[in-house]
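Participant: Sharing a structure with you now.
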Amino acid sequence: MELLYGPVRDYAWGSRSAIAALQGRPVPSEGPEAELWLGAHPGAPAAVERDGERVSLLDVLAAEPEHWLGRKGVDRFGTRLPFLLKVLAADGALSLQAHPDAKQARAGHAADISRPVGERNYVDPYHKPELLVALSPFEALCGFRDPAESARALAAFDVPALEPVVTALRTGLAGLRTAVRTLLTWPQEERAGLVSAVVASPAEGPDADLARSLAAEYPADPGVLVALLLNHVRLVPGEAIWMPAGNLHAYLRGTGVEIMAASDNVLRGGLTPKRVDVDELLRVLRFEVLDDPVVAARPAGAGVDCWRVPVDDFALQRVTVGGEVPEAELSVDGPRVVLCVTGPLTVDDGTGVLKLESGQAAIGSAAGGPLRISGSGQAYVASSGVS
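Residues are numbered in my numbering as their position in the sequence shown, beginning at 1, plus a constant of 130.
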């Protein structure tokens, strides 16, 4: 095991306290800190230390792929780390977005190769399923709710221009695509007026509060209304949401540990200044009701919990030690990344012993054996799901 140094991404919606506090740095930070990346994604690879200098994890893996990834990992994913672990800290809403499945990603990337970089939807040929576990109270929009509920929410604003959308939603799933398309393709010159009419409505309740909150950030974005078609999820620490391909979602606020397939394919529909491609988003969206997007942790041994997902790109386990459980042991195949969220903790996989404080991370290779974590605190362990 060796220390892993992850870059912090400074997106505008980030927090100026959460990641800095986790890592024991002064609060507030100089600017927004949105995501701590702990992986080998080309967009922002983490680093390890070699002879007193930090070396990109991309170069380390390329030099010894089978040592780091294991024979099974190389056979399944090639010479790349198939997962990316993040700490995400949101003080403002992220974009309405969805991700393609593996087949769509491959086809989309092949088609995008000939397009200018700024016009590409697919920056790589991989899918991007995601799991987020809350470290703090966390709010998100995740998956479509019952269209009848959405119809009631929009009708409560009593805005005549929304009547065609409400009518479509009242037909159930058959009208959901029409409703989403109508909102996302609303005439540009009429968008500010539509959102203003919603904000000015006397409607009250959680849906009205959400619309007004989003409109304060995006006063001319019909994504404010699309948000009301989704499940508004409030997680307590330890609860998770699973976002498979085609799931329309957006994070609103809070801090969480996120693990995903190592891809950056994002199709956006609104609530963002970044590129939006409504047609491509509609093509990959799954227009189905997601009844319960919350995933509960399952015990996986003394001091160990996990969240089971139907992909083999990644697996995530949480280890809590101290008191009656002074040490936990995990059987982990392939490469593993350990993120300490409270400590100190001692990590040992047979290749070396490492002490981690809060906010520090470590990486171990496929050559390592069972992972033993001891001390007093909590860590998240990311690995591939290949066994």
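Just so it is clear, CB atoms sit at the ideal spot from N, CA and C, and this is done for glycine as well.
Contact check, G273 vs N377 under 8 Å by CB: the rounded distance?
Facilitator: Yes, they are in contact, since the Cβ atoms of G273 and N377 sit about 5 Å apart, within 8 Å.
Participant: A237 to V414, Cα distance in whole Å?
Facilitator: Those two C-alpha atoms are separated by around 12 Å.
Participant: I371: buried (16+ other C-beta within 10 angstroms of its C-beta) or exposed?
Facilitator: The residue is buried, with at least 16 neighbouring Cβ atoms inside 10 Å.
Participant: So what's E293 in DSSP terms, helix, strand or just coil?
Facilitator: Helix, per DSSP.
Participant: For the beta strand (DSSP E) containing S326, list its first residue and its last residue.
Facilitator: First-last for S326: R321 to A330, but that is the alpha helix (DSSP H), not the beta strand (DSSP E).
Participant: The beta strand (DSSP E) with T209 in it runs from where to where?
Facilitator: Looking at the DSSP string, T209 is not in any beta strand (DSSP E), and its letter there is neither H nor E.
Participant: Run through the stretch 258-292 for me and flag every whole alpha helix (DSSP H) of 4 or more residues, listed as ranges in chain order.
Facilitator: You should have 277-285.
Participant: Looking at the secondary structure, which residues open and close the alpha helix (DSSP H) in which G353 lies?
Facilitator: G353 to V356 is the extent of the alpha helix (DSSP H) around G353.
Participant: On the three-state DSSP scale, how would you describe A176?
Facilitator: Coil, per DSSP.
Participant: Do Q234 and G489 come within 8 Å of each other at the CB atom, strictly closer than that value?
Facilitator: No, they are not a contact pair.
Participant: Quick check on R245: does DSSP put it in helix, strand or coil?
Facilitator: In the structure shown, R245 sits in coil (DSSP, three-state: anything other than H, G, I, E or B).
Participant: Report all residues from its chain with a CB closer than 6 Å to the CB of V157; omit the five preceding and five following residues, and keep chain order.
Facilitator: Excluding residues within five positions, the ones whose Cβ falls inside 6 Å are S147, A150 and A151.
Participant: What residue ranges within the stretch 412-499 form continuous beta strand (DSSP E) runs of no fewer than 3 residues, ordered along the chain?
Facilitator: Within the stretch 412-499, the complete beta strand (DSSP E) runs of at least 3 residues are 428-431, 434-436, 445-451, 457-460, 466-472, 475-478, 483-486 and 491-494.
Participant: How would you label R184, buried or exposed, when you count the other beta carbons within 10 angstroms and need 16 or more for buried?
Facilitator: R184 is exposed by the Cβ-count criterion.
Participant: Distance, Cα to Cα, L313 vs A333?
Facilitator: For L313 and A333, the distance between alpha carbons rounds to 20 Å.
Participant: Where M390 and F213 are concerned, what is the direct C-alpha to C-alpha distance, given to the nearest angstrom?
Facilitator: Roughly 6 Å between the two C-alpha positions.
Participant: Roughly how many angstroms lie between the CA atoms of A341 and E319, to the nearest whole one?
Facilitator: Computed Cα separation, rounded: 20 Å.
Participant: Rounded to a whole number of angstroms, what is the C-alpha to C-alpha distance between L360 and A322?
Facilitator: Using only the alpha carbons, I get a separation of about 21 Å.
Participant: Please determine if the stretch 209-225 and the stretch 436-450 are in contact, where contact requires at least 3 C-beta pairs separated by less than 8 Å.
Facilitator: Touching, yes, given that three or more Cβ pairs across the two stretches are closer than 8 Å.
Participant: On the criterion of 16 or more Cβ atoms from any shown chain inside 10 Å, does R428 qualify as buried, or is it exposed?
Facilitator: By the 10 Å Cβ count, R428 comes out exposed.
Participant: By the DSSP assignment, the beta strand (DSSP E) with R383 in it spans what residues?
Facilitator: Element bounds for R383: H379 to A391.
Participant: For A219, which residues in the same chain have their Cβ closer than 7 Å to its Cβ, ignoring the five residues on either side in sequence?
Facilitator: Taken in chain order, the residues that qualify are G144, S145, A148, I149, E163, A164 and T385.
Participant: Using CA coordinates, which residue listed in A174, E160 and Y141 is at the minimum distance from L134?
Facilitator: That would be A174, whose Cα lies nearest to the Cα of L134.
Participant: Between the stretch 447-461 and the stretch 480-494, are three or more C-beta pairs nearer than 8 Å?
Facilitator: The answer is no - the stretch 480-494 does not touch the stretch 447-461, with fewer than three Cβ pairs under 8 Å.
Participant: Can you give me the C-alpha to C-alpha distance between V387 and V354, rounded to a whole angstrom?
Facilitator: Straight-line Cα distance between these residues: approximately 26 Å.
Participant: Determine the extent of the alpha helix (DSSP H) in which G305 is found, giving its start and end residues.
Facilitator: Start and end: L303 to L314.
Participant: So, for G494: in the same chain, excluding its five sequence neighbours on each side, which residues have a beta-carbon less than 6 Å away from its beta-carbon?
Facilitator: Excluding sequence neighbours, G494 sits near M131, R466 and D479.
Participant: Taking 7 Å as the cut-off, is the beta-carbon of R236 closer than that to any non-hydrogen atom of the ligand ATP?
Facilitator: In the structure shown, the ligand ATP is absent, as is every other ligand, since no ligand is present at all.
Participant: CB D351 to CB L306, shorter than 8 Å?
Facilitator: Not in contact: D351 and L306 (Cβ atoms no closer than 8 Å).
Participant: How many angstroms separate the CA atom of A264 from the CA atom of L382?
Facilitator: Approximately 12 Å, taken between the alpha carbons.
Participant: Going by DSSP, name the residue or residues bridged to V511.
Facilitator: Looking at the DSSP assignment, V511 forms a beta bridge with Q447 and V468.
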